[in-house]
Amino acid sequence: MTNNLKQISKHPLFGYVILALGLIGLQLLFMFTDGIVTLTVSRAIAMSMIYTIAAMGLGILMGLAGLASLGTAAFVGLGAYIAANILISFHVPFFVVILAVTIVAIVIGSIIGFISLRVRGLHLLVITLAFATILNELFITPNNFTGGPSGITNVPFPELGMFLQLDRETVYFLILGVMFLLIMLTLNIINSPTGRAMLAMSSSESLAKAMGINVLKYRVLAFVISTIYAMIAGVLFVSSLTAASPASWNFMLSLNLLAAVILGGSAKPSGVIMGCFAIFTLDLVVLRNFAFFVQNPSASMVFSGALIIIIYAKFPGGLTKLVQEARHLIIKIVKGAKHGTSLE
Amino acid sequence: MEPAWNDKHIISLRNIKMYFQGIKAVDDLSFDINEGEIFGLIGPNGAGKSTLFNCITRFYKPTEGKVYYKDGQGKVLDLDDYKAHDIAKTGIMRTFQNLELVLYVSVLENLLIGGHIYYNSGLFHQFLRTKKIKNEEAQNKARAEEILEKLNLIQYKGMFPAGLPYGVLKKIELARVLMTKPRLIILDEPAAGLNDAETEELAETIRQIRKEYNCTIFLVEHDMNLVMGVCDTVCAISFGKMLAIGTPEEVQNSPLVQEAYLGEKGDD
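Read top to bottom, the protein sequences are chains A and B.
Numbering-wise, my numbering puts 325 at position 313 of the first sequence, and it's gapless, one number per residue.
Numbering-wise, my numbering puts 122 at position 109 of the second sequence, and it's gapless, one number per residue.
1. Just checking: is the beta-carbon of Pro281 (chain A) within a distance shorter than 9 angstroms of some beta-carbon in chain B?
2. Which class does Thr218 (chain B) belong to by DSSP, given the choice of helix, strand or coil?
3. By the criterion of Cβ-Cβ separation under 8 angstroms, what are the contact partners of Lys102 (chain B) in chain A?
4. By the 9 angstroms beta-carbon criterion, what residues does the segment 139-164 of chain B contribute toward chain A?
5. Between the Cα of Leu55 (chain A) and those of A:Phe106, A:Ser251, A:Ala222, A:Ile30, spot the shortest distance and give me the residue it belongs to.
6. With a cut-off of 8 angstroms on the beta carbons, I'd call Gly190 (chain A) and Met213 (chain A) a contact; round off their distance for me.
7. How far does the beta strand (DSSP E) with Lys74 (chain B) in it extend, from its first residue to its last?
8. Pair every Cβ in the segment 59-77 of chain A with every Cβ in the segment 260-271 of chain A, then say whether three or more of these pairs are closer than 8 angstroms.
9. Does the Cβ-Cβ distance between Ile24 (chain B) and Ile46 (chain B) come in under 9 angstroms?
10. Exposed or buried, which one is Arg189 (chain B) when buried takes at least 16 other CB atoms within 10 Å?
11. What do you reckon, are the CB atoms on Gly224 (chain A) and His129 (chain B) nearer than 9 angstroms?
12. Which residues in chain B have a C-beta closer than 8 angstroms to the C-beta of Ser218 (chain A)? List them in chain order.
13. Which residues bound the alpha helix (DSSP H) around Leu197 (chain B)?
14. As a quick exercise: from B:Ala97, B:Arg71, B:Thr103, B:Asp93, pick the residue whose alpha carbon is nearest that of Asp84 (chain B).
15. Who are the near neighbours of Leu296 (chain A) in its chain, counting only those whose CB is closer than 6 angstroms to its CB and skipping five residues on each side?
16. Please tell me whether Glu202 (chain B) has its Cβ less than 9 angstroms away from any Cβ of chain A.
17. On the criterion of 16 or more Cβ atoms from any shown chain inside 10 Å, does Phe26 (chain A) qualify as buried, or is it exposed?
18. Answer yes or no: does any C-beta atom of chain A fall closer than 9 angstroms to that of Asp99 (chain B)?
19. May I ask you to list the residues that DSSP assigns as paired with Thr229 (chain B)?
20. By the criterion of Cβ-Cβ separation under 7 angstroms, what are the contact partners of Pro205 (chain A) in chain B?
21. Kindly indicate which residue of B:Asn123, B:Met255, B:His22 has the alpha-carbon position closest to the one of Ser204 (chain A).
22. Taking beta-carbon pairs under 9 angstroms, can you tell me which members of the segment 241-273 of chain A lie near chain B?
23. Report the CB separation of Gly83 (chain A) from Thr140 (chain A) in whole angstroms; it is logged as a contact under 8 angstroms.
24. Which residue marks the beginning of the alpha helix (DSSP H) containing Lys183 (chain B), and which one marks its end?
25. If I'm right that Ala242 (chain A) touches Gly133 (chain A) with Cβ under 8 angstroms, what's the distance once you round it to whole angstroms?
26. In the DSSP output, what is Phe263 (chain A) paired with across the bridge?
27. For a minimum of 3 consecutive residues, which ranges assigned as the beta strand (DSSP E) are wholly contained in the segment 96-132 of chain B?
28. For Lys88 (chain B), count the other beta carbons within 10 Å of its own beta carbon; 16 or more makes it buried, fewer makes it exposed. Which is it?
29. Exposed or buried, Leu139 (chain B), counting other C-beta atoms within 10 Å across all chains shown (16 or more means buried)?
30. Could you tell me which chain B residues have their CB closer than 8 angstroms to the CB of Ala212 (chain A), listed as they occur along the chain?
31. Between Leu248 (chain A) and Ile65 (chain A), is the Cβ-Cβ spacing less than 9 angstroms?
32. If you run the structure through DSSP and keep just helix, strand and coil, what is Glu356 (chain A)?
33. Between Phe304 (chain A) and the rest of its own chain, which residues show a CB-CB distance below 8 angstroms, the 5 nearest in sequence each way excluded?
34. Could you tell me which chain A residues have their CB closer than 8 angstroms to the CB of Thr229 (chain B), listed as they occur along the chain?
35. Reducing DSSP to helix, strand and coil, say where Ala157 (chain B) ends up.
36. Give me whichever residues DSSP pairs with Gly259 (chain B) in a beta bridge.
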């Protein structure tokens, strides 16, 4: 019995399943009790999960492929607008929206991948930033597709199948489900030859070439994957808030996503989740309860900035390393205690 | 113009020239390497050794000249038709002067990176982790463990390269090379940074690899002990031109070589 439990707890998805169950529990508490979990918390967690999806894509781009992007937010926006338009005009199941957005993401990701072929480091950041600026300009310019500065409102909630219509509360589970599927996908990518090829490429391009790894292919692939993740996050954003406005995907969001990945300290979903929840949930749930932060919204940026500096200066490995070290310490203490009693 | 191919050769360099804005790094070099031999290339700093390597492995495209190579099926390939990342598939594998191991994954995973060209599963199989990719992964892991076992590295399997002794890292790099099932291994200054004992061990490993994996080995080296101890044929170059070629003794006794290389070596 205990052996079985031990084996289950060693499964790579174990922690994620526990997390998912916890998140489901929170939402159930919100739906069926009065005030144990508030609307603010439920909303904040939903948003954090959406940002986690975008950040996981960025994590693959940065942590595996060694590339970087400051354009993530603009792709979240693009995904949101495409989804909003589809949901308003057609009655199609959710997976059709995802499919449509994925195809656009493949095209756009490939374009950026090819453009950035000979560009590294800071130059790459500037190129992705320029790309995002172009998109943002297009979002704000009055047109039928994005609704200009005021954006799109009254987007219907998506339907899962032919008759399963989601609403304000159940869309939370859709977000959670998609996040969980993408966590599994991310783990598969990290443990695949593709993930290792990206790692080799980020370590040394000469090495990668000598090993028979086509650097161009994996560069483009990394951009395509991260764009798909970002645009799916956009779809969920619009599905959950039923509105899309250009202010939601400004440069600040790109920076925050970048910060979340760095803070997490790993391309693994566990690291990205920790980073995202530290940056976004903390801000949306904890800080917003203080009058000071409500009156000065930008002060919360100062807070997350300070958090990054502290973690980065003290723990270069990010939250992942921090948690690992804490675990080692606990194991050591527990073992020490056991050892101590057995001696007596 | 196809050369008259001698079936004893595995690789043939014909009039290789590599000019960088007028600097003649490699100036009209031609030589052949026999299948199964350990071939050493020596020369003072800046002689064009690394440039020549890069020409063979297509990291550079030579200004002029051809490289012919006989693959596993006995077909003679003109390497002009290959890009750098296609070279591994032909059976030519190189190492680098500065160690190029991925430091933040385990030794085993480093070897799996070496096995990259032996994965045939498409992205679909990889992303959904189907049976097909699981089987391939198991095969490659088994092969990696076998190689680690043979090179006495199995105890490092799960460790990260960071922190391991330099001599061990060099051997891990060789193990990774073997993952590509190479026929011609090109070693760029393998003894650089090793002490005498480690160099001796490296020489032993090189001989072992040639014997057990039926490889031809082409090494560029500064360390004369290694070259003289391990090579069947040695070629000495200076300023991109050939000085001498032959057995280690012949090359060592060549007056040109003594002047250009050994003479300089004796000064320090």
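The beta-carbon is built from N, C-alpha and C at its ideal position, and this holds for glycine as well.
Reading it off the structure:
1. Cβ-Cβ to chain B under 9 angstroms: no for Pro281 (chain A).
2. helix
3. Chain-ordered, the chain A residues with CB closer than 8 angstroms to the CB of Lys102 (chain B) read Gly224.
4. Gln139, Phe140, Leu141, Arg142, Ile146, Glu149, Glu150, Asn153
5. In the sequence under discussion, the amino acid at residue 55 (chain A) is Arg, which differs from the Leu named in the question. Nearest C-alpha to Arg55 (chain A): A:Ser251.
6. According to the sequence as given, residue 190 (chain A) is Val; it is not Gly. So it is not a contact: roughly 28 angstroms between Cβ atoms.
7. No beta strand (DSSP E) holds Lys74 (chain B); DSSP gives it neither H nor E.
8. yes
9. yes
10. buried
11. Their beta carbons are under 9 angstroms apart, which means Gly224 (chain A) touches His129 (chain B) by this criterion.
12. Phe72, Phe109, Glu113
13. Looking at the DSSP string, Leu197 (chain B) is not in any alpha helix (DSSP H); the run it does join, the beta strand (DSSP E), is 197-201.
14. B:Thr103
15. Ala56
16. no
17. With a threshold of 16 other beta carbon atoms within 10 Å, Phe26 (chain A) falls short and is exposed.
18. Residue-level contact check: Asp99 (chain B) touches chain A, since one or more beta carbons of chain A fall below 9 angstroms from its beta carbon.
19. B:Leu197
20. His129, Tyr132, Gln139
21. B:Asn123
22. none
23. Contact holds; Cβ gap of about 4 angstroms.
24. First-last of the alpha helix (DSSP H) with Lys183 (chain B): 179-192.
25. Between Gly133 (chain A) and Ala242 (chain A) the Cβ distance is about 21 angstroms, and since that is not below 8 angstroms, they are no contact.
26. The partner list for Phe263 (chain A) (beta bridge, DSSP) is empty, contrary to what the question assumes.
27. Taken in chain order, the complete beta strand (DSSP E) segments of 3 or more residues contained in the segment 96-132 of chain B are 105-107.
28. exposed
29. For clarity, residue 139 (chain B) is Gln in the given sequence; the question names Leu instead. Buried.
30. Val115, Ile126, His129
31. The answer is yes: Cβ separation under 9 angstroms.
32. Summary for Glu356 (chain A): the model assigns pLDDT 37, below 50, so the residue's position carries little reliability, and this model does not support an answer.
33. Ala311
34. Going along chain A, no residue has its Cβ under 8 angstroms from Thr229 (chain B), so there is no contact; the nearest lies around 17 angstroms.
35. helix
36. Answer is B:Val247.
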